[in-house]
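Start counting the sequence shown at 16; every next residue gets the next number (the numbering used here).
Here a beta-carbon is modelled for each residue, glycine too, at the ideal position from N, C-alpha and C.
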Amino acid sequence: MKNKVKQKPEFLFGKRNYIIMLIGIVFITAGFIFMSGGGSDDPNVFNEEIYNWQRIRLAPTLVIIGLAIEIYAILADPKK
Numbered sequence: 016m017k018n019k020v021k022q023k024p025e026f027l028f029g030k031r032n033y034i035i036m037l038i039g040i041v042f043i044t045a046g047f048i049f050m051s052g053g054g055s056d057d058p059n060v061f062n063e064e065i066y067n068w069q070r071i072r073l074a075p076t077l078v079i080i081g082l083a084i085e086i087y088a089i090l091a092d093p094k095k
């Protein structure tokens with residue numbers, strides 16, 4: 016007779032890793048929200064808002080920071 020041992024399934028990441036991942040997703044989402052908009056309803060009128068510092072500097076920076084946070088969350092030790 017073989018003894019069947021039930022093993023408790025383990026998650027790949029710990030709770031801390033998932034929290035850090037959520038923070039990274041918030042940064043990425045905020046970056047894409049800041050990038051959106053700036054279009055004109057009339058195609059014959061050019062809108063200068065497309066060159067706003069928020070879309071050119073802030074939004075891509077937030078997305079890159081969010082991606083760096085995601086990489087850290089994946090590589091962080093879950094048992095720490």
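query	result
Between the CA atoms of M50 and P75 - distance to the nearest angstrom	8 Å
Distance cut-off 7 Å: L37 Cβ against heavy atoms of the ligand FAD	With respect to small molecules bound, the structure shown includes none, and the ligand FAD cannot be examined in it.
Residue closest to Y66, alpha-carbon to alpha-carbon, out of G53, D92, N59	G53
Through-space distance from L37 to K1, alpha-carbon basis	Nothing can be reported for residue 1, as the shown portion of the chain is limited to 16 through 95.
I84 burial status per 10 Å Cβ neighbour count (16 or more: buried)	buried
Proximity below 8 Å, CB of G81 to CB of G39	yes
Spatial neighbours of E64 in its chain, beta-carbon cut-off 7 Å, leaving aside the 5 residues before and after	G53
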